[in-house]
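Enquirer: Residue numbers (numbering that gives the first Met the number 0): 0 to 152.
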Amino acid sequence: MNTPTFIVISVVAFIIVIALFLAVLAGFLRKLMKKAEQKAIALWETEGVLRVEKSANFFGVESRGMGQVRGNSVLMLTGKGLRNMMWLPSREFGVDWETVRKVEIVKSHLGKSKLAPLVKVHFTNEKGESDSAAWLVKDTSGIIDDISARITA
Numbered sequence: 000m001n002t003p004t005f006i007v008i009s010v011v012a013f014i015i016v017i018a019l020f021l022a023v024l025a026g027f028l029r030k031l032m033k034k035a036e037q038k039a040i041a042l043w044e045t046e047g048v049l050r051v052e053k054s055a056n057f058f059g060v061e062s063r064g065m066g067q068v069r070g071n072s073v074l075m076l077t078g079k080g081l082r083n084m085m086w087l088p089s090r091e092f093g094v095d096w097e098t099v100r101k102v103e104i105v106k107s108h109l110g111k112s113k114l115a116p117l118v119k120v121h122f123t124n125e126k127g128e129s130d131s132a133a134w135l136v137k138d139t140s141g142i143i144d145d146i147s148a149r150i151t152a
């Protein structure tokens, strides 16, 4: 086999391996999202699910500091409050409506940003202190409107 043929075969094989890896990774991520969504619905469906964002990006809770794990999650608005189920690690977080003080759009939270607006919710935590949490969601204005309607009602 000559060198040009070997190079072409090697490049094609490499592309196939990368495509297979990406397909497996995409399947794994879909499975994680579905599992988190099912767990969130099982936990909070009795609260009356108003809205579900299956692929929100959770930026963390201010009082927990900058070292906490952040990442993909299911954000759910229920009759009782905001509920968040992280994909990995499987971790839940919630804020009841009566503790929410303000919602706004910000560019960053805890020193982290993605070149898109974040939804930041200010609330009173279980210690009676001011706190906040933030998410990157696809429909920022829709979430802001839904949360605002709940806290001004």
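Ideal Cβ placement from N, Cα and C applies to all residues, glycine included.
For the beta strand (DSSP E) containing D95, name the first residue and the last one.
Expert: Taking the first residue of the sequence shown as 1, we reach residue 95 at position 96. Here the beta strand (DSSP E) through D95 covers 91-95.
Enquirer: Do G127 and the ligand MN come close, with the Cβ less than 7 Å from some heavy atom?
Expert: The model on display carries no ligand, and the ligand MN is accordingly not part of it.
Enquirer: At which residue ranges does the stretch 71-143 contain complete beta strand (DSSP E) runs of 3 or more residues, listed in the order of the chain?
Expert: 80-85, 91-95, 99-105, 117-123, 129-135
Enquirer: Name the residue from E46, D138, T45 whose alpha carbon lies nearest to the alpha carbon of V118.
Expert: Along the sequence shown, read from residue 1 onward, the residue named residue 118 stands at position 119. For the residues E46, D138, T45, the minimum Cα distance to V118 belongs to D138.
Enquirer: Where does G66 sit, in a helix, a strand or coil, going by DSSP?
Expert: For the purposes of this step, residue 66 is taken as the residue at position 67 of the sequence shown. In the displayed model, G66 falls within coil according to three-state DSSP, outside both helix and strand.
Enquirer: How many Å lie between V169 and A18 at the Cα?
Expert: Lying outside 0 to 152, the shown extent of the chain, residue 169 is not represented and no answer is given.
Enquirer: Among F92, F5, F122, L28, which one has its Cα closest to the Cα of M153?
Expert: The structure shown does not extend to residue 153, since the chain is modelled only from 0 through 152, so no value can be given for it.
Enquirer: Apart from the five residues on each side of it in sequence, which residues of its chain come closer than 7 Å, Cβ to Cβ, to R100?
Expert: Translated into the one-based positions of the sequence shown, residue 100 becomes position 101. Cβ within range, chain order: H121, F122, T123.
Enquirer: Does DSSP put G47 in a helix, in a strand, or in coil?
Expert: Counting from one through the sequence shown, the residue named residue 47 turns up at place 48. Residue state, collapsed to three classes: coil.
Enquirer: Report the residue from G80, M65, R69, K53 whose alpha carbon sits nearest the alpha carbon of A148.
Expert: The residue you call residue 148 lines up with position 149 of the sequence shown. It is G80 whose Cα lies nearest to the Cα of A148.
Enquirer: Could you tell me if A201 is buried or exposed, where buried requires 16 or more neighbouring beta carbons within 10 angstroms of its beta carbon?
Expert: Within the shown structure, residues of the chain are numbered from 0 to 152, placing residue 201 beyond reach of any answer.
Enquirer: Measuring only the C-alpha atoms, how far is H108 from N83?
Expert: If you number the sequence shown from 1, residue 108 lands on position 109. If you number the sequence shown from 1, residue 83 lands on position 84. In this structure, the CA atom of H108 is about 17 Å from the CA atom of N83.
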